[in-house]
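Presented below is the structure to which this report refers.
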Amino acid sequence: MIDLVLLGDVLAGTARLGTPIAFAALGGVIAERGGLYNIGLEGQILAGALGAAAGSFATGSAVIGLGCGIICGLISGLLLGYMSIRLRINQLVGGIALNLLLAGLTAFLSRQIFGAQAGGARVNGFSQINIPFLSDLPVVGPSLFSQDPLFYLLIGVAIAAWFWLMKSHKGLDLRAVGENPKAADLAGVPVFRMQYLAIAVSGAFAALAGVHLVLSQVYVFAEGMSAGKGFIALAAIILGRWSPIGAICAALFFGFCDAVQFKLQFTSPDIPYQLFLILPYLASLIALVVLGAKASAPASVGLPYDREHR
Amino acid sequence: MNRFTMQRRIAIALLSALSVGGVLILLDGHNPFEAYKVLFLESFLNYWGFSNTLVKASPMLLAGLAVIIPMRAGVFNIGGEGQIYIGGLFGAVFALAIPDLPGLFGVPLIFIAAAAGGAFWAAIPAYLKAYRGTNEVIVTLLMNFIAIHIVSYAVAGPLLAEGAPYPYSEEVSEAYRLPILMPRSDTHVGFVFGLAMTVILYFWLRFTPSGFHLDLVGRNARAAAYAGVDQKKTVIRAMLIGGSLAGMAGAIEVIGLKYRLFHLFSDGYGYDGIVVAFLAALNPIVAPLTALFLAGLSAGAGTMQRAVGVDSSVIEVVEGLVVVLVAAALVTPRTRPISILKPLARNLRLRRQTQRQKKEA
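Sequence order for the protein chains is H and B. Start counting the first sequence at 1; every next residue gets the next number (this note's numbering). Start counting the second sequence at 1; every next residue gets the next number (this note's numbering).
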């Protein structure tokens, strides 16, 4: 007999812990579909978190915080785009470097903005929205229908991103760039413009993950608060087979593992909770090996496009 | 790109990173020259500070070599961090399981166990890369997290010391502890060991056929295949060497510094190794210098914060910039960046010429 309260708790935890991973993974999918690795998700989450905290701290409005976070994400995405597209730095190196850079920069700036006091400054965040009637349902009600606004934003954004990427003309252009930039270029698709667009949007989505951490979870900026979520998102992209919906499902699965792990630490200390921390990584690894990466990864991901090069 | 331009470019990149850091220090309301002076005096010219630098430089050097060797064969080993953890785990398990060997046998055996652990952790991505074409960056990245959680489980479960308030193992026996290099400090001989490894690897890469094969595969895999070099074997060999180097860095942390296996015992040294490798332009003989430089930066950052009041996170910004700028410096531009100044100058020259011609006419 499964405990219904426990199930509800885990479901709510899944939604809460899976949302940031889902945002970042969605960003990663868009970049990789355009032929660019975004290993910098981790740093961009921090950039978004800092932007959100600073915006909300300065104005007291969570919505302005959200806007500031997105702007920070756009800038950090464009920076990575400049490195990958214009300078043609190895995209993996560029992303790792961006992570290092943003980890330091956000720590430095946060101490400038919030002062050195421990715990930083509490900022105004979003409160939960109870959807009438649905939130009264047992088990799923409190867990899925009384979440914060960013969870509902995720659902909206996910559907929009899926439609744009898979069903619209521009989305097709972007996917063409990711598969074969030369052919796309010859067909008149503005390759570099599409890639800059993709990497900027990717940064903004990653930043939304950070915004969620600050404005919906802890209401304060902490150094290194991304805590590997950007890397888990990279795994979710693989497990989700480079599809927006797939990546979000994978991200929610990772959120589920995390929620179970938290519960286990309190309820049954004799089961090693680390098992559930390892599970997401192991699942992605197995997916990568068994299903093979070549079959569904965009063909030209990671290869800088050079017009003058045959 | 010849060697001289490369070194010049790296120097420029390094100076630019330090200058941007200087600007941040200035914005923080302090004198950047003063701050850097305090930082470098502390970490290189003060006895205790330099001992701290050496302690940090040892794992950084080995982790740097663990990136350099695979990278020479065209494989990007992001997995140094995980290999350090598994190496530390294997070394610690060996040291705790067989605690009463004489140090002369025990210490080398611990190093071998740690190297085997790191090599095992690197073998998985190496095999997948060579035979399945799976991207090694993603695999090594994922395996880092798995390794950290395995060690976390080990020190909280089977290896947990009796009555420990925090997840850590029992101490390793005294015979296994690395000798101290600088009296009265905790600077062990780890850096000397790293230097020996550096020299061996340098000569191996430079003067032996198997070392040369690495570069051949890394620079032009098709030409290497044409010359009869077994590409798969070379990739796997490079990764195994990289993994064992990182594994030994883990052993050094356990039997050199902390004498126990801790939860989260490596403070991102695997990622620091990437910075070390890039700063050294993938030349092993330069790696000790770049490891010392980076270790000095992070060892002196705390003192700089206390003495001058500059926030130590500036140093992290500088480190990130170093990687960005050095990576940019090492890319050969195939197409020149568009210059705004050149057409302007040409315009000016042309205008002057026509004026002169008019005058003469």
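Backbone N, C-alpha and C fix where the C-beta goes; we use that ideal spot for every residue, glycine too.
Checking 8 Å against the spacing of the C-beta atoms, do residue i and residue j come in under that value?
{"i": "Lys229 of chain H", "j": "Ala209 of chain H", "result": "yes"}
{"i": "Glu179 of chain H", "j": "Ser300 of chain H", "result": "yes"}
{"i": "Val324 of chain B", "j": "Ala97 of chain H", "result": "yes"}
{"i": "Ala198 of chain H", "j": "Ile30 of chain H", "result": "yes"}
{"i": "Leu216 of chain B", "j": "Ala227 of chain B", "result": "yes"}
{"i": "Ala52 of chain H", "j": "Leu239 of chain H", "result": "no"}
{"i": "Met448 of chain B", "j": "Ala291 of chain B", "result": "A query on residue 448 of chain B cannot be resolved here, the shown segment of chain B reaching from 1 to 361 and no further."}
{"i": "Leu26 of chain H", "j": "Ala204 of chain H", "result": "no"}
{"i": "Gly18 of chain H", "j": "Phe262 of chain H", "result": "no"}
{"i": "Ala54 of chain H", "j": "Phe151 of chain H", "result": "no"}
{"i": "Ala49 of chain H", "j": "Phe221 of chain H", "result": "yes"}
{"i": "Gly384 of chain B", "j": "Trp121 of chain B", "result": "Here chain B covers residues 1 to 361 and nothing more, so residue 384 of chain B does not appear."}
{"i": "Tyr273 of chain H", "j": "Leu264 of chain H", "result": "yes"}
{"i": "Ile255 of chain B", "j": "Gly91 of chain B", "result": "yes"}
{"i": "Ala66 of chain B", "j": "Asn77 of chain B", "result": "yes"}
{"i": "Pro108 of chain B", "j": "Gly79 of chain B", "result": "no"}
Could you spell out the range, first to last residue, of the alpha helix (DSSP H) harbouring residue i?
{"i": "Ser210 of chain B", "result": "Pro209 to Arg219"}
{"i": "Ile138 of chain B", "result": "Glu136 to Ala156"}
{"i": "Phe231 of chain H", "result": "Lys229 to Leu239"}
{"i": "Ile272 of chain B", "result": "Looking at the sequence itself, residue 272 of chain B is Asp, so the reference to Ile does not match. Run containing Asp272 of chain B: Tyr269 to Leu279, per the alpha helix (DSSP H) assignment."}
{"i": "Trp164 of chain H", "result": "Pro149 to Lys167"}
{"i": "His212 of chain H", "result": "Val191 to His212"}
{"i": "Tyr390 of chain H", "result": "Not covered by the structure: residue 390 of chain H. The range shown for chain H is 1 to 310."}
{"i": "Trp48 of chain B", "result": "Tyr47 to Arg72"}
{"i": "Glu42 of chain H", "result": "Leu41 to Thr59"}
{"i": "Gln261 of chain H", "result": "Pro244 to Thr267"}
{"i": "Gln128 of chain H", "result": "Note, Gln128 of chain H: premise wrong, no alpha helix (DSSP H); not H, not E."}
To the nearest angstrom, how far is the alpha carbon of residue i from that of residue j?
{"i": "Asp191 of chain H", "j": "Asn38 of chain H", "result": "What sits at residue 191 of chain H in the sequence shown is Val, not Asp. Using only the alpha carbons, I get a separation of about 17 Å."}
{"i": "Gln357 of chain B", "j": "Leu350 of chain B", "result": "11 Å"}
{"i": "Gly314 of chain H", "j": "Gly34 of chain H", "result": "Since the first residue of chain H shown is 1 and the last is 310, residue 314 of chain H is not available in this structure."}
{"i": "Ala161 of chain H", "j": "Asp148 of chain H", "result": "20 Å"}
{"i": "Gly320 of chain B", "j": "Phe278 of chain B", "result": "11 Å"}
{"i": "Val5 of chain H", "j": "Ala12 of chain H", "result": "11 Å"}
{"i": "Met225 of chain H", "j": "Ile45 of chain H", "result": "9 Å"}
{"i": "Gly118 of chain B", "j": "Asn283 of chain B", "result": "22 Å"}
{"i": "Met304 of chain B", "j": "Leu348 of chain B", "result": "49 Å"}
{"i": "Leu141 of chain B", "j": "Glu171 of chain B", "result": "30 Å"}
{"i": "Ala147 of chain B", "j": "Arg219 of chain B", "result": "31 Å"}
{"i": "Asp311 of chain B", "j": "Phe108 of chain H", "result": "7 Å"}
{"i": "Ser76 of chain H", "j": "Ala47 of chain H", "result": "7 Å"}
{"i": "Val275 of chain B", "j": "Gly64 of chain B", "result": "7 Å"}
{"i": "Gly22 of chain B", "j": "Gly309 of chain B", "result": "14 Å"}
{"i": "Phe50 of chain B", "j": "Ile248 of chain H", "result": "49 Å"}
{"i": "Ile137 of chain B", "j": "Ile131 of chain H", "result": "It is Val, not Ile, that sits at residue 137 of chain B in the sequence shown. Looking at the two C-alpha atoms, the distance is approximately 43 Å."}
{"i": "Leu7 of chain H", "j": "Ala235 of chain H", "result": "25 Å"}
{"i": "Gly273 of chain B", "j": "Pro288 of chain B", "result": "11 Å"}
{"i": "Lys258 of chain B", "j": "Leu41 of chain B", "result": "26 Å"}
{"i": "Leu15 of chain B", "j": "Arg8 of chain B", "result": "11 Å"}
{"i": "Ser43 of chain B", "j": "Val322 of chain B", "result": "19 Å"}
Does residue i come within less than 8 Å of chain B when only Cβ atoms are used?
{"i": "Met83 of chain H", "result": "yes"}
{"i": "Leu303 of chain H", "result": "no"}
{"i": "Gly94 of chain H", "result": "yes"}
{"i": "Val289 of chain H", "result": "yes"}
{"i": "Tyr196 of chain H", "result": "no"}
{"i": "Asn90 of chain H", "result": "yes"}
{"i": "Gln274 of chain H", "result": "yes"}
{"i": "Arg111 of chain H", "result": "yes"}
{"i": "Leu285 of chain H", "result": "yes"}
{"i": "Ile238 of chain H", "result": "yes"}
Bridge partners of residue i, per DSSP?
{"i": "Ile180 of chain B", "result": "B:His188"}
{"i": "Phe369 of chain B", "result": "One cannot answer for residue 369 of chain B here, as it falls past the ends of chain B, which runs 1 to 361."}
{"i": "Leu160 of chain B", "result": "B:Ser169"}
Counting only C-beta atoms, is residue i closer than 8 Å to chain H at any point?
{"i": "Leu24 of chain B", "result": "yes"}
{"i": "Ser152 of chain B", "result": "yes"}
{"i": "Phe120 of chain B", "result": "no"}
{"i": "Ala328 of chain B", "result": "yes"}
{"i": "Val276 of chain B", "result": "no"}
{"i": "Val137 of chain B", "result": "yes"}
{"i": "Ile338 of chain B", "result": "With a pLDDT of 43 at Ile338 of chain B, under the threshold of 50, the modelled position of this residue cannot be trusted; read the value that follows with caution. For Ile338 of chain B, the answer is no, since every Cβ of chain H falls outside 8 Å of its Cβ."}
{"i": "Glu134 of chain B", "result": "Here the sequence assigns Thr to residue 134 of chain B, which means Glu is not the residue at that position. By this cut-off, Thr134 of chain B is an interface position."}
{"i": "Ile84 of chain B", "result": "no"}
{"i": "His213 of chain B", "result": "no"}
{"i": "Ile146 of chain B", "result": "yes"}
* In chain order, what residues of the stretch 297–321 of chain B put their CB closer than 8 Å to some CB of chain C? -> In the structure shown, chain C cannot be found, because the protein chains are H and B.
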